[in-house]
Amino acid sequence: CGGGSRFRTGKWRPKELFEDGRRTCSLSHRRIGKSKIEFQTLALPHLLFESPTPENKAFLDTIIAFFLDSSKTHYFAPKTFESGVSPHTYEHAQEVIAEVQDNLVDFLTTPPPPLRRRYLSIVWCLLSPRIKKALNDPTRMMKKGEEKPRVICGFTAGEWAIKEGVLFMSFGSTANSSADLYFDLQAKTLERIRKDSRGAEAIKEGLEGPPLAHLWTTVRKEERAVQADINSHPLNALTPFSPPPVPDADCPPPPPGWTVPRARCYPKNVLTRKMGFRPVKEYVADPPALPGPTPTLAAFSPPVISDTILPVCYNKMNTQIALHVEQLPAAWRPERWPIE
């Protein structure tokens, strides 16, 4: 592809992404740069998206379009196809993306089970239109009250299990796979939950419960060749990771004749390990000595949609990890939860 760079669309893409006569692929080539950003957090997003107004439909379509573009940017790259863990064909990657897209739409448009509450946090980038006219041209000024155009550059969706004191961050994607922006969004979700769990309105809505203590999310399983790479990563000053898992039938290794899978270390994996996230089973077996309800495996139960367990994030390409809220760095940790 002739547009972008390895931090955006990359150079090598499947031929299916190229229209006849074009030298750039069909993925977005927008460069965010140092744009100003704005955060937005919604509680119970299904109440918004179940309304069939044009504005709400356009809002949901914007989120899905960003998810599809960022997913394709990740999956449709040689280093992903050759990893030995992710899908290694265009058709298989399309199937995985379509399945997760269906899960995301269901998660955002259906009500949560009793004693659970869902949140959607979005980060918008404010863009200044390119100006090609002379500086003394009065038409280049924005009209009073006119809003700058904005595009979505990241989102996370999570479910708060009120009685268990657990927040599960299920879906999420950011421009350029920015791990720190992902946790900025998570921090906004924590702030909103903390606000919702206080006062008379919280009692009225049945949000009484123990303070939110445990975070639960997923990271991609490491490729078979990633061990040496991740241990030498400049951000990682911790003990080595456990040996990467052997790929299974759901994500078969590349066909014979392909190159050796490339070592790739995901920024989110490095950051979560550095912050202290641990596999859920290990976290439950040896929880930190911090305030809050004692974690159990039952507390880390998956979201349910229409009496069906949500399959996304529980496939064999991902690992479930957990952390106590008070172990978060100060920049991503809200004010201390009140412990009675």
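Taking this note's numbering, the leading residue of the sequence shown gets 222, the next gets one more, and so forth. Glycine included, each C-beta is placed from N, C-alpha and C at the ideal position.
Distance, residue j Cα to residue i Cα
{"i": "Leu549", "j": "Phe287", "result": "28 Å"}
{"i": "Asp507", "j": "Ala400", "result": "26 Å"}
{"i": "Pro332", "j": "Ser394", "result": "22 Å"}
{"i": "Arg371", "j": "Phe328", "result": "25 Å"}
{"i": "Ser249", "j": "Arg339", "result": "29 Å"}
{"i": "Pro235", "j": "Gln315", "result": "12 Å"}
{"i": "His454", "j": "Val501", "result": "Low per-residue confidence applies at His454: pLDDT is 43, beneath 50, and the placement is therefore not dependable, though the value from the model is reported in the following sentence. Approximately 24 Å, taken between the alpha carbons."}
{"i": "Arg190", "j": "Trp233", "result": "Residue coverage of the chain in this structure runs from 222 to 561, which leaves residue 190 outside it and unanswerable."}
{"i": "Leu238", "j": "Pro308", "result": "17 Å"}
{"i": "Cys222", "j": "Glu547", "result": "44 Å"}
{"i": "Gly513", "j": "His435", "result": "8 Å"}
{"i": "Gln541", "j": "Glu240", "result": "38 Å"}
{"i": "Glu429", "j": "Val440", "result": "30 Å"}
{"i": "Pro432", "j": "Pro516", "result": "13 Å"}
{"i": "His391", "j": "Cys246", "result": "According to the sequence shown, residue 391 is Ser rather than His. Their Cα atoms are separated by approximately 29 Å."}
{"i": "Arg251", "j": "Ser291", "result": "12 Å"}
{"i": "Asp405", "j": "Leu341", "result": "13 Å"}
{"i": "Ala279", "j": "Pro509", "result": "43 Å"}
{"i": "Glu422", "j": "Leu268", "result": "18 Å"}
{"i": "Leu492", "j": "Glu412", "result": "21 Å"}
{"i": "Leu544", "j": "Ala551", "result": "14 Å"}
{"i": "Gly497", "j": "Ile383", "result": "23 Å"}
{"i": "Ala298", "j": "Gly420", "result": "49 Å"}
{"i": "Ile318", "j": "Lys300", "result": "17 Å"}
{"i": "Pro335", "j": "Asp417", "result": "16 Å"}
{"i": "Leu511", "j": "Val505", "result": "13 Å"}
{"i": "Ile424", "j": "Phe260", "result": "27 Å"}
{"i": "Leu388", "j": "Thr330", "result": "19 Å"}
{"i": "His313", "j": "Gln407", "result": "30 Å"}
{"i": "Arg499", "j": "His295", "result": "24 Å"}
{"i": "Pro359", "j": "Glu276", "result": "Caution is warranted here: a pLDDT of 45 is assigned to Pro359, below 50, making its placement in the model unreliable, and no coordinate value can be reported."}
{"i": "Tyr311", "j": "Pro273", "result": "34 Å"}
Option in the options with minimal Cα separation from residue i
{"i": "Phe270", "options": "Lys257, Phe260, Glu259, Ile285", "result": "Ile285"}
{"i": "Cys346", "options": "Leu402, Glu312, Gly497", "result": "Leu402"}
{"i": "Asp282", "options": "Val344, Arg419, Gln322", "result": "Gln322"}
{"i": "Lys409", "options": "Glu240, Arg244, Trp553, Gly223", "result": "Trp553"}
{"i": "Cys374", "options": "Glu385, Phe521, Ala396", "result": "Ala396"}
{"i": "Lys257", "options": "Val344, His435, Glu320", "result": "Val344"}
{"i": "Asn490", "options": "Thr517, Ile414, Ile318, Lys442", "result": "Lys442"}
{"i": "Leu348", "options": "Asn277, Val317, Lys425, Lys255", "result": "Lys255"}
{"i": "Glu385", "options": "Glu426, Ala319, Ser522", "result": "Ser522"}
{"i": "Glu380", "options": "Phe404, Ile414, Asp405", "result": "Ile414"}
{"i": "Phe376", "options": "Lys416, Val387, Leu325, Leu336", "result": "Leu325"}
{"i": "Asn539", "options": "Pro334, Ala520, Thr438", "result": "Thr438"}
{"i": "Gly427", "options": "Arg499, Arg337, Tyr504, Arg494", "result": "Arg337"}
{"i": "Leu289", "options": "Leu518, Lys495, Glu320, Ala519", "result": "Glu320"}
Three-state secondary structure assigned by DSSP to residue i
{"i": "Glu422", "result": "helix"}
{"i": "Ala314", "result": "helix"}
{"i": "Ser255", "result": "In the sequence on display, residue 255 carries Lys and not Ser. Of the three classes helix, strand and coil, the one that applies to Lys255 here is coil, per DSSP."}
{"i": "Leu244", "result": "Rather than Leu, the amino acid found at residue 244 in this sequence is Arg. The answer is coil: DSSP assigns Arg244 none of H, G, I, E or B."}
{"i": "Leu406", "result": "helix"}
{"i": "Ser394", "result": "strand"}
{"i": "Trp381", "result": "strand"}
{"i": "Phe297", "result": "coil"}
{"i": "Pro550", "result": "coil"}
{"i": "Leu329", "result": "helix"}
{"i": "Asp323", "result": "helix"}
{"i": "Lys336", "result": "The sequence given here has Leu at residue 336, not Lys. Coil, per DSSP."}
{"i": "Asp417", "result": "helix"}
{"i": "Asp507", "result": "coil"}
{"i": "Phe239", "result": "coil"}
{"i": "Lys232", "result": "coil"}
{"i": "Ser304", "result": "coil"}
{"i": "Thr517", "result": "coil"}
{"i": "Glu276", "result": "helix"}
{"i": "Leu268", "result": "helix"}
{"i": "Glu429", "result": "coil"}
{"i": "Ser291", "result": "helix"}
Residues that DSSP places opposite residue i in a beta bridge
{"i": "Cys346", "result": "Ile258, Val372"}
{"i": "Ile542", "result": "Thr438, Pro500"}
{"i": "Leu263", "result": "Leu341"}
{"i": "Thr387", "result": "Strictly speaking, residue 387 in this sequence is Val, with Thr absent from that position. Answer is Ala382, His435, bridged to Val387."}
8 Å Cβ cutoff, residue i in contact with chain C
{"i": "Arg415", "result": "Absence of chain C from the displayed structure is noted, only one protein chain being present."}
*Would you be able to state if there are at least three C-beta pairs under 8 Å between the region 298–308 and the region 256–268?*
no
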